[in-house]
Amino acid sequence: MKNRDVSIRKEDILFSLELMDIKKGDVLLVHSALTSIGFVEGGADTVIDAFLEAVGEEGTIVMSTLTGWFSPFDPVSTPSAVGLISEKFRLRPNAMRSLHPVHSVAAIGKHAHFITKDHDKCETGCGEGTPYLKIRDLNGKIVLLGVDMDRNTMMHSMEEAIDAVYLRTLDIPAPTYIDGYKDKTFTLKKFPPGHRDFLRITPYLRRKEALMEGKIGNAVVKVIDAVKLFEYGLEILKEDPMLFICHNPNCNSCHWSRKLYNKETIDLSRYEGNGCVDNTCEICVI
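Okay, here's the thing in structure tokens:
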């Protein structure tokens, strides 16, 4: 069945979310692809309305509003680079957006202020004190709507936790919320460049019953317990710190990461900010 042949209403989305144990009071980090669902009556706004209704006034919806780093980040005008739903969400009058030039989030709901505040004071984009770990600490869930684990930004939080050798320091144009930003740079610490094979964790999460799967329209939906993701993810990363680095011979990014792990000498000047040397590399910056 083609995507355009499916017509989805808000009630359909609510029914599917209930089947996946999404309930009032939940804190959800949502990654999404609208086109994967099929035709949604009312478009992205219908999806947003359904999620907000599903968690109610005591719940909170959070969406990554990730951005590139080639121009100064402005929390008001810089659009989300990760889909129409996240962009429509951040533009809502009651949405709060965290201050980070690459890994910002937007949030609506009871815990929105707590989750988004002080992101600019954190040492890294996805580590301690950031919205991603606050969601975990609130016993939140990650919802992957029509996207897979390779779009789960919280995976980078685990990489930071083990201080993965392939994380980098990168200087970028300063965001506009910094005084005198036009004459300054911003240093990203533990920045996660390049490709990851995050899908490798999925079978493990299934075995540990940390993952629930369903559908909304044509879209496959994964719901992941954030606490269990960290518990089990860190467990296997400590055994294999290179678990998420692929073995594709054409992936320059992962080839570079393995050289770092093996303490081989590499010429970092050949690599761009995302860890790539040419267009043959399978790069997925998230």
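Read left to right, the sequence shown gives residues 0 to 285 (numbering that gives the first Met the number 0).
Cβ coordinates follow ideal geometry from the N, Cα and C atoms, glycine included.
- When the beta-carbon positions are compared, V222 and N138 stay at least 7 Å from each other.
- In this structure, the CA atom of E127 is about 32 Å from the CA atom of N247.
- In its chain, beyond the 5 residues on either side, I21, K22, K23, G24, D25, V26, L27, I60, G108 have a beta carbon closer than 8 Å to the beta carbon of V54.
- The Cβ atoms of F197 and R167 do not sit closer than 7 Å to each other.
- A direct Cα-to-Cα measurement between G213 and V39 gives close to 17 Å.
- If you keep only unbroken alpha helix (DSSP H) runs of at least 4 residues inside the region 48 to 125, you get 83 to 89, 111 to 115.
- Take the alpha-carbon of Y180 and the one of D162: they are about 29 Å apart.
- A residue is called buried once 16 or more other Cβ atoms fall within 10 Å of its Cβ, and G67, having fewer, is exposed.
- Pairing P172 with H99, the inter-Cα distance amounts to about 12 Å.
- Under the three-state reduction of DSSP, E230 is assigned to helix.
- In this structure, G37 sits near N217, with a CB-CB distance shorter than 7 Å.
- In the structure shown, the three-state DSSP call for D149 is helix.
- The three-state secondary structure of H246, taken from DSSP, is coil.
- Inclusion of M62 and S85 in the CB contact set at 7 Å is warranted, their separation being smaller than that value.
- Per DSSP, F14 has no beta bridge partner at all.
- Exclusion of the five residues before and after C245 leaves D196, C253 as the residues of its chain whose Cβ lies within less than 6 Å of its Cβ.
- Taking a 10 Å sphere around the C-beta of F69, we find fewer than 16 other C-beta atoms and assign the residue as exposed.
- For M211, the enclosing beta strand (DSSP E) stretches over residues 210 to 215.
- Within the same chain, and ignoring the five residues on either side of Y231 in sequence, the residues whose Cβ sits closer than 7 Å to its Cβ are Y203, L204, K207, A209.
- Listed in chain order, the alpha helix (DSSP H) elements of length 4 or more contained wholly in the region 147 to 202 are 154 to 160.
- Non-local C-beta neighbours of R199 in its own chain, meaning closer than 7 Å and more than five positions away in sequence, comprise L242, F243, ordered along the chain.
- A direct Cα-to-Cα measurement between D136 and E10 gives close to 30 Å.
- Its Cα nearest to that of S156, the residue L233 stands out among Y260, L233, G41, E238.
- L169 and C125 have their C-alpha atoms spaced approximately 15 Å apart.
- Rounded to the nearest whole angstrom, the C-alpha separation of I134 and Y260 is 30 Å.
- Annotation: T45 to L187 spans about 35 Å, alpha carbon to alpha carbon.
- Per the DSSP secondary-structure output, D224 pairs in a beta bridge with K140.
- In this structure, A43 places its C-beta atom within 7 Å of the C-beta atom of K87.
- Cβ contact annotation for E122 (same chain, cutoff 7 Å, sequence separation greater than five): K188, in chain order.
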